[in-house]
DNA sequence: TTTGTAATTGCACAACCTTGCAATAAGCCG
DNA sequence: CGGCTTATTGCAAGGTTGTGCAATTACAAA
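Protein chains in written order, with this note's numbering: chain A, 1 to 140; chain B, 1001 to 1140.
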């Protein structure tokens, strides 16, 4: 369902310019298996194109977020991680005891979204959450 | 149900030292009406005690978070805001269109917490969320 | 009240992310 | 293909938050 190139296509259609910096940033995100940080993206881009500036990477990430093409997740590591939405939405339960991560489908949050819409007329944008707490193994 | 002094009491009982820096940081949080930022706390503390360092404020906030005495909420303003849990848990729906904020009781998230516990054995710590999206007035 | 000890602070610095501004270059149009 | 316009970049600087380390100080115990 998700082809490499989706993001590029969307950008052109929306009239944004395809600079080498953007293309390489996008490639890094799309080729990353899971959740990639800005610094990791920058390292990959800078390897091929040494004089890029990391603020360009941050600006590209902000643009892709705004267009809904990537999601941003805060795993509480002091930095945020990015994921292409084309590879599917999901969420994570992060155990603060053992550090374990349980992956979650989008469905768990559907009832909440519906309740917010029904009771408050609010259309929530719950894209890629990290929910903190304690997993079963680590007791209550 | 919440007295000024709750936090101080908890700290002593847990064996933490009551330094003037901590006491003033705590006072700033408890006397703030709503959600206060680290910089605002620091300004209040520094007014009476000029040579405090802002990193001490951050360390105190981290401690209070760890002990579950304050919650931290990210309203996406580039800085985070703090709230004493003694004044009650709550959540916020933040409209990304008009900037409006709808306050929410804790109850809305109870079904989600129960579902996570039931289906994943995960005890989620959903303390003080800002949920982004679009409010009813701003249409879909 | 004085002393001892370990928690806490201040300081300096670093990491992550954002922004203003002048220089550059992507894509349009002829 | 060459020039024009304006989006985009690089650079430098700034804001928020975290951290290592030596100096200080709260509290316990004498």
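Backbone N, C-alpha and C fix where the C-beta goes; we use that ideal spot for every residue, glycine too.
Everything numeric in this text was worked out from a predicted model, so none of it was measured.
Taking C-beta pairs closer than 8 Å, name the residues in chain A that residue i reaches, listed in chain order.
{"i": "residue 1111 of chain B", "result": "111, 112, 115"}
Quick check on residue i: buried or exposed, where buried means 16 or more other Cβ atoms within 10 Å of its Cβ?
{"i": "residue 1101 of chain B", "result": "exposed"}
{"i": "residue 18 of chain A", "result": "exposed"}
{"i": "residue 1128 of chain B", "result": "buried"}
{"i": "residue 124 of chain A", "result": "buried"}
{"i": "residue 1097 of chain B", "result": "exposed"}
{"i": "residue 1003 of chain B", "result": "Bear in mind that the predicted position of residue 1003 of chain B carries a pLDDT of just 49, short of 50, making it too unreliable to give a figure here."}
{"i": "residue 77 of chain A", "result": "exposed"}
{"i": "residue 62 of chain A", "result": "exposed"}
{"i": "residue 30 of chain A", "result": "buried"}
{"i": "residue 1049 of chain B", "result": "exposed"}
{"i": "residue 1118 of chain B", "result": "exposed"}
{"i": "residue 1034 of chain B", "result": "exposed"}
{"i": "residue 1099 of chain B", "result": "exposed"}
{"i": "residue 1139 of chain B", "result": "exposed"}
{"i": "residue 15 of chain A", "result": "exposed"}
{"i": "residue 1137 of chain B", "result": "exposed"}
{"i": "residue 1135 of chain B", "result": "buried"}
Can you list the residues of chain B that residue i reaches, using a CB-CB cut of under 9 Å?
{"i": "residue 93 of chain A", "result": "1116, 1120, 1122, 1124"}
Tell me whether the beta-carbon of residue i lies closer than 8 Å to the beta-carbon of residue j.
{"i": "residue 1126 of chain B", "j": "residue 1109 of chain B", "result": "yes"}
{"i": "residue 36 of chain A", "j": "residue 28 of chain A", "result": "yes"}
{"i": "residue 21 of chain A", "j": "residue 70 of chain A", "result": "no"}
{"i": "residue 1085 of chain B", "j": "residue 1072 of chain B", "result": "no"}
{"i": "residue 74 of chain A", "j": "residue 130 of chain A", "result": "yes"}
{"i": "residue 1089 of chain B", "j": "residue 1106 of chain B", "result": "yes"}
{"i": "residue 42 of chain A", "j": "residue 26 of chain A", "result": "no"}
{"i": "residue 1122 of chain B", "j": "residue 121 of chain A", "result": "no"}
{"i": "residue 116 of chain A", "j": "residue 1112 of chain B", "result": "no"}
Give me the chain A residues within the contact set of residue i, using Cβ-Cβ distance strictly less than 7 Å, ordered along the chain.
{"i": "residue 1102 of chain B", "result": "120, 122"}
List the residues of chain B whose Cβ lies closer than 8 Å to the Cβ of residue i, in chain order.
{"i": "residue 134 of chain A", "result": "1122, 1123, 1125"}
{"i": "residue 54 of chain A", "result": "None at all; the shortest Cβ gap to chain B is about 18 Å."}
Check the Cβ of residue i against every Cβ in chain A and list those closer than 9 Å, keeping chain order.
{"i": "residue 1108 of chain B", "result": "112, 115, 116, 119, 120"}
Going along chain B in order, which residues have a C-beta closer than 7 Å to the C-beta of residue i?
{"i": "residue 7 of chain A", "result": "Going along chain B, no residue has its Cβ under 7 Å from residue 7 of chain A, so there is no contact; the nearest lies around 21 Å."}
Inspect the CB distances between the segment 61–69 of chain A and the segment 8–18 of chain A and report whether three or more fall short of 8 Å. Touching, yes, given that three or more Cβ pairs across the two stretches are closer than 8 Å.
Going along the chain, which residues of the segment 26–41 of chain A sit with their C-beta nearer than 7 Å to a C-beta in chain B? Those would be none; no residue qualifies.
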